[in-house]
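Peer 1: The listed protein sequences derive, respectively, from chains A and B. The UniProt record's numbering puts the first sequence at residues 1 to 175. The UniProt record's numbering puts the second sequence at residues 1 to 239.
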Amino acid sequence: MTSYYDVDAILTDAQKVPCTFELSVPALGFLEGNMSGDVKQGSKVELPLWLGEMLAISQSPSLVSLDHPSALSQRVLNALKADARTVDLRALAPHFYNLGARVLELFEEEEMIEVLSDAFKSRAAVIADQAHNPRGALGEGADFMRGLDENERQLFRASHDSAKAVRTWMNDLKK
Amino acid sequence: MALPLPPGLTPPEIAFMCEMELVTIIPRQRLEGLELLGGPLKPLNPPQRASIPLWLALLLKRQRRANIIPPPWLSPHSLAAILKFETEDSPVAFSPPPRLPPLPPSTTVPLSSPFLPSSTADAAADALPYHWLELGSMLLEAAPDDFDDADEVRKLLRGLREARMAKLRQSVEVLDAGGGFKMNGVGGMELGEARSFITGVVDGLRKIGKSREEARKERDRENGYSPSQDYDDDEMDMR
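Below, the structure is given as structure tokens:
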């Protein structure tokens, strides 16, 4: 579904996920800052999602095992469950929901789907309010607006543009 | 790349469609019958009332050749009643659209929205038709002197718009990745304004729920469902 040239998809895949090496690999020590050595079995390294995914699913005794990225840790999910509106998603991951969708492709997590969907919905309602209120993005809503992830920014932009188009039309009537 | 326009109609396009609505006028000058693309127009004989398309009514009004009679629902009294219904009686659902006239006999061509007389002088007074916001704004701009109390109508229209847009925004809380919620009675301009937001939310939810959807399809395929049954399954989820 996502295009090869989709910048957002590329940036999502570049986000780091924690991986644990299941085997010792010679001469890969630079991954953890050990320039000339080997990667020992059991060492934890942060790898980009695309690389970690390849290493985890390519071979049957898999080379690494993936873990949830810190942006989707239980702590974050609990915060989203408590009040999604106060969480700064952008600080966690600029493409938070895309990362979530990619991780959900790799792990079976019914609960995470629920939490992310509910968070997205409740934040979307606030985004729409901010988009229709011309002063919202500057006043008390500024902190919330800074914490939007890339998907939510597009949503804000779309609803702001359509509200603006209707306002422009109404003003044009007066001429 | 095609046109850099968002999906759906832009506000000027919606207003253009709205100009097909019939409105009632009192002509001040005689006018010969016109052969319009939308059908022939009867000769205008002052002071007999006539129902003509909005675009022609606006043109005649601008040339001071006619007075427009605002539809009954555009009176302060009915707007206030509808606003009260929207805000107090029904905090979630929208006020219902006007009732459809009894079905014509099957031999005639059925009429749909722009050709139904929902904005003429004998329209229902207690319901907002599809093009309420556009028609109201255009009439208030072009013919404020034909209203009894144009400022009051303008204020009520703005109030209605605010109340209904807030409802529309809140309604995303019940949206699901499967899509589908009741939008009966939502007007054309409101749809145009809310479309990009609502589709954006549904797209986001589908992206998040994609893995679950794939898993379900996989399961269905293993259980040997045919695609048509799969479709029924989706339908069930909407409710």
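For glycine and all other residues, C-beta sits at the position ideal for the given N, C-alpha and C. It should be emphasised that the depicted structure is a prediction, and the values quoted were computed from it without experimental measurement.
Taking Cβ positions only, does A/L173 come closer than 8 Å to chain B?
Peer 2: Output row for A/L173: interface = yes.
Peer 1: Please decide whether B/E193 counts as near chain A, where near means a Cβ-Cβ distance under 8 Å.
Peer 2: Chain A contact via Cβ: present.
Peer 1: Does the CB of B/V169 have a neighbour CB from chain A at under 8 Å?
Peer 2: Just to set this straight, residue 169 of chain B is Arg in the shown sequence, not Val. Yes, its Cβ sits closer than 8 Å to a Cβ of chain A.
Peer 1: Under a Cβ-count criterion, where at least 16 other Cβ atoms within 10 Å of its own Cβ denotes burial, should B/K42 be classed as buried or exposed?
Peer 2: So B/K42 ends up on the exposed side.
Peer 1: Note down the Cα distance separating A/E152 from B/L5, rounded to an integer number of angstroms.
Peer 2: Each residue's alpha carbon lies about 20 Å from the other.
Peer 1: Say whether the region 145-160 of chain B touches the region 29-48 of chain B, bearing in mind that this needs 3 or more beta-carbon pairs closer than 8 Å, one atom from each stretch.
Peer 2: Counting Cβ pairs under 8 Å, fewer than three are found: no touch.
Peer 1: Mind listing the chain B neighbours of A/Y4? Cutoff is C-beta to C-beta under 7 Å, in chain order.
Peer 2: Simply none; closest approach about 17 Å.
Peer 1: In chain A, what lies closer than 9 Å to B/M138 by C-beta?
Peer 2: Ordered by position in chain A, the residues that pass the 9 Å Cβ test against B/M138 are L173.
Peer 1: With DSSP as the reference, label B/L60 as helix, strand or coil.
Peer 2: Correct three-state label for B/L60: helix.
Peer 1: With the cut-off set at 8 Å, would you say A/V115 and A/L77 are in Cβ contact?
Peer 2: Yes, they are a contact pair.
Peer 1: Among the residues of its own chain, which have a CB less than 6 Å from the CB of B/P71, if the five just before and after it don't count?
Peer 2: These residues qualify, in order along the chain: S119 and A123.
Peer 1: In its own chain, which residues sit with a C-beta less than 8 Å from the C-beta of B/T87, not counting the 5 before and 5 after it?
Peer 2: The residues are A163.
Peer 1: Since B/A15 meets chain A, which of its residues come closer than 7 Å, beta carbon to beta carbon?
Peer 2: Simply W169.
Peer 1: Does the Cβ-Cβ distance between A/V39 and A/E32 come in under 8 Å?
Peer 2: Yes, the pair counts as a contact, with Cβ atoms nearer than the cut-off.
Peer 1: Against chain B, does A/D13 count as a neighbour if the rule is that its beta carbon must be under 8 Å from one of theirs?
Peer 2: Closer than 8 Å: no.
Peer 1: Measuring only between beta-carbons, confirm whether B/R212 sits less than 8 Å from chain A.
Peer 2: With 8 Å as the cut-off, B/R212 counts as an interface residue toward chain A.
Peer 1: Could you tell me the alpha carbon to alpha carbon distance between A/N171 and B/Q63, rounded to whole angstroms?
Peer 2: Straight-line Cα distance between these residues: approximately 22 Å.
Peer 1: Residues in the region 58-88 of chain A with C-beta within 7 Å of chain B's C-beta atoms, listed in sequence order?
Peer 2: Listed by position along the chain: nothing, the set is empty.
Peer 1: Examine chain B for any beta-carbon lying closer than 8 Å to the beta-carbon of A/A9, and answer yes or no.
Peer 2: No, A/A9 does not count as interfacial toward chain B.
Peer 1: What does A/Q130 touch in chain B if you count any residue whose Cβ is under 8 Å from its own?
Peer 2: What A/Q130 touches in chain B: nothing, since even the nearest Cβ is about 10 Å away.
Peer 1: Specify, as a first and last residue, the run of the alpha helix (DSSP H) that A/T168 falls within.
Peer 2: E150 to L173 is the extent of the alpha helix (DSSP H) around A/T168.
Peer 1: For B/E32, I'd like the list of residues in its chain whose CB is within less than 8 Å of its CB, leaving aside the five on either flank, ordered along the chain.
Peer 2: Within the same chain, B/E32 has close Cβ partners P43.
Peer 1: How is B/P7 classed by DSSP in three states: helix, strand or coil?
Peer 2: In this structure, B/P7 counts as coil in the three-state DSSP scheme.
Peer 1: Around the C-beta of B/A57, are 16 or more other C-beta atoms found within 10 angstroms, so that it is buried, or is it exposed?
Peer 2: Per the 10 Å Cβ criterion, buried.
Peer 1: So what's B/S119 in DSSP terms, helix, strand or just coil?
Peer 2: Residue state, collapsed to three classes: coil.
Peer 1: The alpha helix (DSSP H) spanning B/F197 covers which residue range?
Peer 2: Element bounds for B/F197: G188 to I208.
Peer 1: Among the candidates B/I69, B/M17 and B/S95, whose CA atom is the shortest distance from the CA of B/A81?
Peer 2: Checked all of B/I69, B/M17 and B/S95; the closest Cα to B/A81 is B/S95.
Peer 1: Roughly how many angstroms separate the alpha carbons of A/L155 and A/K175, rounded to a whole number?
Peer 2: Going from the Cα of A/L155 to the Cα of A/K175 covers about 31 Å.
Peer 1: Can you give me the C-alpha to C-alpha distance between residue 178 of chain A and A/L55, rounded to a whole angstrom?
Peer 2: With chain A covering 1 to 175 only, the question about residue 178 of chain A has no answer from this structure.
Peer 1: According to DSSP, is A/V87 helix, strand or coil?
Peer 2: Three-state result, A/V87: coil.
Peer 1: Checking 8 Å against the spacing of the C-beta atoms, do A/P69 and A/V7 come in under that value?
Peer 2: Result no, Cβ atoms of A/P69 and A/V7 do not sit closer than 8 Å.
Peer 1: Residues of chain B with a CB under 8 Å from the CB of A/F120: which are they?
Peer 2: Within chain B, the residues near A/F120 are V201, G204, L205 and I208.
Peer 1: By the three-class DSSP mapping on this structure, what secondary structure does B/D230 have?
Peer 2: In this prediction, B/D230 scores a pLDDT of 48, lower than 50, which makes its location untrustworthy; the coordinate-derived value is nonetheless stated afterwards. Of the three classes helix, strand and coil, the one that applies to B/D230 here is helix, per DSSP.
Peer 1: When you compare each of B/G204, B/A66 and B/E19 to B/R28 by their alpha carbons, which one comes out closest?
Peer 2: Checking every option, the nearest Cα to that of B/R28 belongs to B/A66.
Peer 1: Grab me the residues of A/A128's own chain with a C-beta within less than 7 Å of its C-beta, minus the 5 sequence neighbours each way, in chain order.
Peer 2: Answer for A/A128: S159, listed in chain order.
Peer 1: Could you check if B/D89 is buried or exposed, using at least 16 other CB atoms within 10 Å of its CB as the buried criterion?
Peer 2: Exposed: under 16 other Cβ atoms inside 10 Å.
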